[in-house]
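Beneath this line is the structure, given in structure tokens, with notes to follow.
In our numbering, the protein residues as written are 3 to 546.
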């Protein structure tokens with residue numbers, strides 16, 4: 003007992019000396035740090051430094067203006083073209099809208115922008131093109147900041163910094179994140195939702211917010227649910243109050259968002275329509291998307307995923323072995339998504355874009371663990387991605403957008419609005435349409451709707467045209483009165499239709515650069531022809 007009493011006495015004396023002072027300082031330091039963190043969160047934007055947020059926004063706006071090329075038709079035909087038709091009551095809706103495979107919720111966002119511009123008298127064609135893209139850039143910037151914030155919680159400041167670096171320099175993210183694609187919005191919603199998802203270590207968990215963002219992503223694109231299947235099951239399995247999570251969070255959020263989608267589609271379709279089911283039925287259950295091309299089952303693993311990751315691939319593989327176990331659910335999500343999409347015949351790079359931010363997490367861990375080789379790795383990543391981003395954003399497949407400026411010049415400005423007409427003789431939906439012209443010009447393009455009747459030897463209008471272009475043109479335009487005033491076509495077609503051009507008195511008025519890598523039905527340049535009759539005045543020509 004005496005030693006014990008002596009120990010107590012020693013401890014009591016120590017409390018009045020240095021050890022007590024040390025404890026007091028420690029408590030004060032912790033309180034000071036917590037107060038500083040709260041102040042910084044209140045003073046910043048999105049819970050981060052205002053300088054970081056402004057830098058991200060500025061970079062994405064620059065990103066927006068440095069992407070001047072075309073990727074896929076859906077970035078116009080499933081968004082801007084629909085919005086233009088909704089607001090200005092002229093334009094063209096593709097077969098997906100007559101079959102009710104697409105919902106109006108996503109185009110309604112751009113239609114609202116168009117309506118505001120129209121009411122302000124500022125609906126110039128350039129604003130109609132760039133304002134929606136700037137909106138996408140801002141949404142992507144929010145997603146970038148949220149990804150950085152998440153990694154500060156589940157990792158540390160250093161890991162978050164390198165994840166942010168990988169995200170910002172990814173060539174495919176640069177190429178896609180400002181386009182008016184449903185995949186772009188789906189990816190942004192997914193990254194922001196992950197910020198509120200209950201990952202181990204996260205301090206921003208909110209089941210209502212993340213489930214709401216997932217539901218909105220599914221309304222925009224129903225296949226957005228695919229990456230979230232393992233994440234939702236993991237959350238449900240680990241949640242102790244499963245009934246509360248389901249009845250108080252998931253069900254109310256799902257019912258409200260999908261009811262809103264149903265009402266919007268009821269207004270614009272004129273009947274009750276569940277477009278999410280129609281979309282999944284066409285693309286997944288019936289697999290009719292293969293009409294637009296099919297690939298072998300391994301395509302995503304052998305080509306799609308390596309191309310999308312680009313030079314990040316070795317760092318992703320390295321990071322998979324370094325990331326903590328609590329983040330393995332993200333790796334499982336990436337593999338699950340690749341496997342599910344591999345089972346579908348029709349495959350595209352953009353379909354796996356939503357899991358690209360997940361991959362950047364592992365790339366960040368790789369860079370955080372590199373010491374001696376870090377500078378070389380950063381230089382390699384920055385240079386390789388910058389070259390790809392600039393080439394794909396400024397050079398590759400830009401002709402289909404540049405040629406629209408020539409079509410804008412054809413817009414009738416005189417008393418006879420029917421005097422001009424344009425026929426676009428390209429693979430269908432190669433160019434945008436009225437959203438990039440914004441005048442009631444008579445235009446036509448080659449149609450390519452899929453066969454929904456089950457015919458074994460089905461050929462759409464574009465296929466029949468390319469079987470024998472000259473013969474098709476001669477049968478389609480039997481009299482000079484039916485000839486369009488302007489033709490737009492890829493350069494590879496000129497030799498085949500030269501007889502038609504000569505007989506119709508067409509002269510080439512513009513040559514527009516398109517791409518360095520012509521293949522199949524496309525060429526390196528796009529030609530614009532104008533029908534010159536005696537006494538006619540040319541609309542002007544140029545070469546780009």
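Cβ coordinates follow ideal geometry from the N, Cα and C atoms, glycine included.
message: Nearest by alpha-carbon distance to residue 349: which of 294, 474 and 276 is it?
response: For the purposes of this step, residue 349 is identified with residue 347 of the chain shown, where counting begins at 1. Checking every option, the nearest Cα to that of residue 349 belongs to 294.
query: When the Cα atoms are used, what is the spatial distance from residue 42 to residue 158?
result: Within the chain shown, residue 42 is the residue found at index 40, counting from 1. Within the chain shown, residue 158 is the residue found at index 156, counting from 1. Confidence in residue 42 is poor, its pLDDT being 45 and thus under 50, which makes the residue's placement too unreliable to answer from.
message: Taking the alpha-carbon of residue 224 as reference, which of 236, 256, 241 and 477 has the nearest alpha-carbon?
response: For the purposes of this step, residue 224 is identified with residue 222 of the chain shown, where counting begins at 1. Here the closest residue by C-alpha is 256.
task: Could you tell me how far apart the beta carbons of residue 322 and residue 334 are, in whole angstroms, since I believe they sit closer than 8 Å?
output: On the chain shown, position 320 is the one that residue 322 refers to. On the chain shown, position 332 is the one that residue 334 refers to. Contact flag wrong, Cβ pair sits at about 11 Å.
- request: Taking 8 Å as the threshold, find out whether the segment 114-125 comes into contact with the segment 139-149 through three or more Cβ pairs.
  value: Here the segment 114-125 does not lie against the segment 139-149, with fewer than 3 beta-carbon pairs under 8 Å apart.
- prompt: Going by other Cβ atoms of all chains shown within 10 Å of its Cβ, with 16 needed for buried, is residue 400 buried or exposed?
  reply: Counted from its first residue, the chain shown places residue 400 at position 398. Buried is the label assigned to residue 400, since at least 16 other Cβ atoms lie within 10 Å of its Cβ.
query: Hey, residue 74 and residue 109: beta-carbon distance below 9 Å or not?
result: The count along the chain shown starts at 1 and reaches residue 74 at position 72. The count along the chain shown starts at 1 and reaches residue 109 at position 107. Contact annotation: residue 74 and residue 109 have beta-carbon atoms that are not nearer than 9 Å.
- request: Give me the Cβ distance between residue 422 and residue 429, rounded to the nearest whole Å; I'm assuming they're in contact under 8 Å.
  value: As a position in the chain shown, residue 422 is number 420, starting the count at 1. As a position in the chain shown, residue 429 is number 427, starting the count at 1. With a contact defined as Cβ atoms closer than 8 Å, residue 422 and residue 429 miss out at about 24 Å.
- request: Quick one: residues in its chain with C-beta nearer than 6 Å to the C-beta of residue 372, no 5 flanking neighbours on either side, listed in chain order?
  value: Stepping through the chain shown from its first residue, residue 372 is reached at position 370. Take residue 372, set aside five residues on each side of it, and the residues of its chain with a beta-carbon closer than 6 Å to its own are 379, in chain order.
- prompt: If you draw a straight line from the alpha carbon of residue 176 to that of residue 65, how long is it in whole angstroms?
  reply: Counting from one through the chain shown, the residue named residue 176 turns up at place 174. Counting from one through the chain shown, the residue named residue 65 turns up at place 63. Distance from the CA of residue 176 to the CA of residue 65, rounded to the nearest whole angstrom, comes to 6 Å.
query: Between residue 104 and residue 437, what straight-line distance do the alpha-carbon atoms span, to the nearest angstrom?
result: In the chain shown, counting from the first residue as 1, residue 104 sits at position 102. In the chain shown, counting from the first residue as 1, residue 437 sits at position 435. As the crow flies, the alpha-carbon of residue 104 is around 18 Å from that of residue 437.
field: Whether residue 183 touches residue 198 by CB criterion (9 Å)
entry: Residue 183 sits at position 181 when you count from the first residue of the chain shown. Residue 198 sits at position 196 when you count from the first residue of the chain shown. With contacts defined as CB atoms closer than 9 Å, residue 183 and residue 198 fail to qualify as a contacting pair.
task: Count the other C-beta atoms from every protein chain shown that fall within 10 angstroms of the C-beta of residue 21, then say buried if there are 16 or more, exposed otherwise.
output: Position 19 of the chain shown holds residue 21. Here the model assigns residue 21 a pLDDT of 39, short of 50, so the residue's position is not dependable, and the following value carries that caveat. Result: exposed.
task: Please report how far the alpha carbon of residue 70 lies from the alpha carbon of residue 46, in whole angstroms.
output: Taking the chain shown and counting its residues from 1, the one referred to as residue 70 is at position 68. Taking the chain shown and counting its residues from 1, the one referred to as residue 46 is at position 44. Put simply, the backbone Cα of residue 70 is about 33 Å away from that of residue 46.
message: When you compare the CB positions of residue 336 and residue 149, do they come within less than 9 Å of one another, or not?
response: If you number the chain shown from 1, residue 336 lands on position 334. If you number the chain shown from 1, residue 149 lands on position 147. Their beta carbons are not under 9 Å apart, which means residue 336 does not touch residue 149 by this criterion.
task: Helix, strand or coil for residue 479, going by three-state DSSP, please let me know.
output: The residue you call residue 479 lines up with position 477 of the chain shown. Residue state, collapsed to three classes: coil.
- request: Report yes if the C-beta distance between residue 328 and residue 156 is below 9 Å; otherwise report no.
  value: Here residue 328 is taken as the residue at index 326 of the chain shown, counted from 1. Here residue 156 is taken as the residue at index 154 of the chain shown, counted from 1. Their beta carbons are under 9 Å apart, which means residue 328 touches residue 156 by this criterion.
First through last residue of the alpha helix (DSSP H) which encompasses residue 489: Translated into the one-based positions of the chain shown, residue 489 becomes position 487. First-last for residue 489: 488-492, but that is the beta strand (DSSP E), not the alpha helix (DSSP H).
- prompt: So, residue 187 versus residue 219, is the Cβ gap smaller than 9 Å?
  reply: To locate residue 187, count along the chain shown from 1; it is residue 185. To locate residue 219, count along the chain shown from 1; it is residue 217. Their beta carbons are under 9 Å apart, which means residue 187 touches residue 219 by this criterion.
- prompt: What is the DSSP secondary structure of residue 255, reduced to helix, strand or coil?
  reply: Your numbering for residue 255 matches position 253 in the chain shown. Looking at residue 255 - three-state DSSP - the assignment turns out to be helix.
Through-space distance from residue 90 to residue 411, alpha-carbon basis: The residue given as residue 411 occupies position 409 in the chain shown. The residue given as residue 90 occupies position 88 in the chain shown. The alpha-carbon atoms of residue 411 and residue 90 are separated by roughly 20 Å.
query: Helix, strand or coil: how does DSSP classify residue 526 here?
result: Working through the chain shown from its first residue, we reach residue 526 at position 524. In the structure shown, the three-state DSSP call for residue 526 is coil.
field: Own chain partners of residue 87 with C-beta closer than 8 Å, once the 5 adjacent residues on each side are dropped
entry: Counting from one through the chain shown, the residue named residue 87 turns up at place 85. The residues are 93, 94, 95 and 436.
CB-CB length for residue 356 against residue 189, believed under 8 Å: Looking up residue 356 in the chain shown gives position 354. Looking up residue 189 in the chain shown gives position 187. Yes, residue 356 and residue 189 are in contact; Cβ-Cβ is about 4 Å, under 8 Å.
query: What separation, rounded to the nearest whole angstrom, lies between the Cα atoms of residue 100 and residue 163?
result: Numbered from its first residue, the chain shown carries residue 100 at position 98. Numbered from its first residue, the chain shown carries residue 163 at position 161. The C-alpha of residue 163 is placed about 47 Å away from the C-alpha of residue 100.
message: Out of 253, 259, 263 and 202, which one is the CA nearest neighbour of residue 233?
response: For the purposes of this step, residue 233 is identified with residue 231 of the chain shown, where counting begins at 1. Nearest to residue 233 by alpha-carbon distance, out of 253, 259, 263 and 202, is 202.
- prompt: Alpha carbon to alpha carbon, how far is residue 374 from residue 206?
  reply: Taking the chain shown and counting its residues from 1, one reaches residue 374 at position 372. Taking the chain shown and counting its residues from 1, one reaches residue 206 at position 204. Their backbone Cα atoms lie some 34 Å apart in a straight line.
- prompt: In the structure shown, what three-state DSSP assignment does residue 114 receive?
  reply: The residue given as residue 114 occupies position 112 in the chain shown. Three-state DSSP puts residue 114 in a helix.
message: So, does the segment 292-308 touch the segment 227-246, judging by three or more C-beta pairs under 8 Å?
response: Contact between the segment 292-308 and the segment 227-246 is absent: fewer than three C-beta pairs spanning the two stretches fall below 8 Å.
message: For a minimum of 4 consecutive residues, which ranges assigned as the alpha helix (DSSP H) are wholly contained in the segment 121-170?
response: List check, alpha helix (DSSP H) in window: 127-156.
task: Find out if the Cβ-Cβ distance for the pair residue 180, residue 62 is shorter than 9 Å.
output: As a first step, residue 180 must be located in the chain shown, where it is residue number 178. As a first step, residue 62 must be located in the chain shown, where it is residue number 60. Taking a C-beta distance under 9 Å as the contact criterion, residue 180 and residue 62 qualify as a contact pair.
field: Within 9 Å, strictly: CB atoms of residue 318 and residue 311
entry: Residue 318 sits at position 316 when you count from the first residue of the chain shown. Residue 311 sits at position 309 when you count from the first residue of the chain shown. Going by C-beta atoms, residue 318 is nearer than 9 Å to residue 311.
message: Give me, in chain order, the residues of the same chain whose beta-carbon lies closer than 8 Å to that of residue 284; leave out the 5 immediate sequence neighbours on both sides.
response: For the purposes of this step, residue 284 is taken as the residue at position 282 of the chain shown. Closer than 8 Å at Cβ, skipping near neighbours: 101, 103, 290 and 291.
field: Residue range of the beta strand (DSSP E) that includes residue 499
entry: Against the chain shown, residue 499 aligns to sequence position 497. Going by DSSP, residue 499 is part of no beta strand (DSSP E) at all; its letter is neither H nor E.
query: Going along the chain, which unbroken runs of the alpha helix (DSSP H) with 4 or more residues stay wholly within the segment 371-427?
result: Runs of the alpha helix (DSSP H) inside the segment 371-427: 376-396 and 401-412.
field: Separation of residue 424 from residue 486, as counted between CA atoms
entry: The residue labelled residue 486 in the question sits at position 484 within the chain shown. The residue labelled residue 424 in the question sits at position 422 within the chain shown. Cα to Cα, residue 486 sits roughly 6 Å from residue 424.
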